[in-house]
Amino acid sequence: MKAVLFALLSYMLISSHARATGEELLIPSLTAGHPVNSFLQQQLNDVLSATEDDYPSVRTIPVKIDVAEERHLRNLNLGITDVVWALCSEERNREYTPIAVPLMAGLFGYRLNVVRNNDPRFDALSTLEPLQNMIAAQAGRWLDAGILRHNGITVLDTGRYAGYRAIHRSLADFYPRSVTEIEYEIAGVGLDSVQIAPLHALHYPMVYVLYVSKTNHQLAKRLRSGFQRIIDSGRYTELLQQQPWYQSSRQLMAGRALIRLTNPNNMGECATALRDYSQILYTPAPN
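Taken in order, the sequence shown gives residues -20 to -1, 1 to 267; the numbers are from mature numbering (1 follows the signal peptide of the UniProt record, and there is no 0).
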């Protein structure tokens, strides 16, 4: 705990002048190694670069403190970080200011199920009803758990990687993971007993966005302007299509039946973003 407090104080003291003059932007460190993380940071750098004619040049500084998403968000109002990547909800929108642009083309709302190898129940599954008679592994603190329960699915509360072990040990029947993460995570857990269920995918409206504090009006204005510029210039799509995880996500989604779930969370202006930025959203090809 002392080490964490020392790290926080060091970042705040060293960078206070640079942040005041707009030269530095403190960002949270994300889960180490995941390829999506470097994409999000590059996307943010592109947004900042697109606005340098109107705002000061700025460099991003990762704050290397590994904490949960909710704590990252609270760090905004504490001045520990300047931006946070997070899933959008109306409750979060009341506490922080969302930059309501879908960062990963809406792909975060497409979920594939991790199941035990050769589980025959998933061979031809294409509707919600069979899943309502099974148990899903999911971290209880995530918004996804509430969505699953709202749609009549029993949830076993686990951690991110504990969900894979729950499938391995037959404590749960399936574990929904984002199509952008699932291959990376399966490779990381090293369990030969699990696989991606064939033929189907889950989908519910969900937007992964940038948040800033309620008081940082200038940064919010800059980020909104920058995103619009990289979208209009084609840079948003260009960077996205260069990503191996995006290419593999499209391949994984090919030919799957979509099981649509209702998201009971009111996303506020982030729901509007799905309509306003429909031109950059991923849309699976029809079966």
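For glycine and all other residues, C-beta sits at the position ideal for the given N, C-alpha and C.
Please read all numbers here as calculations on a predicted model, not as lab measurements.
- Comparing alpha-carbon positions, the option among Tyr188, Glu218 and Gln222 lying closest to Glu249 turns out to be Tyr188.
- Cβ contact annotation for Glu70 (same chain, cutoff 8 Å, sequence separation greater than five): Asn245, Asn246, Met247 and Gly248, in chain order.
- Per DSSP, Gln175 is not a residue of any alpha helix (DSSP H); the beta strand (DSSP E) it occupies stretches across Val174 to Ile176.
- The beta carbon of Glu75 sits closer than 8 Å to the beta carbons of Leu53, Asn57 and Lys194 from its chain, once the five residues preceding and following it are set aside; these are given in chain order.
- Boundaries of the alpha helix (DSSP H) harbouring Asn17: Pro15 to Ser29, taken from the DSSP string.
- Between the alpha carbons of Arg236 and Leu105 lies a gap of roughly 10 Å.
- Relative to the Cα of Leu92, the nearest Cα in the group Thr252, Leu179, Ser18 and Ala200 belongs to Leu179.
- Inclusion of Tyr144 and Val64 in the CB contact set at 8 Å is not warranted, their separation being larger than that value.
- In the displayed model, Asp137 falls within a strand according to three-state DSSP.
- Thr134 has its alpha-carbon roughly 31 Å from the corresponding atom of Pro15.
- Collapsing the DSSP output to three states places Val192 in a strand.
- Using a 10 angstroms sphere on the CB of Thr61, the tally of other CB atoms reaches 16 or more, which defines it as buried.
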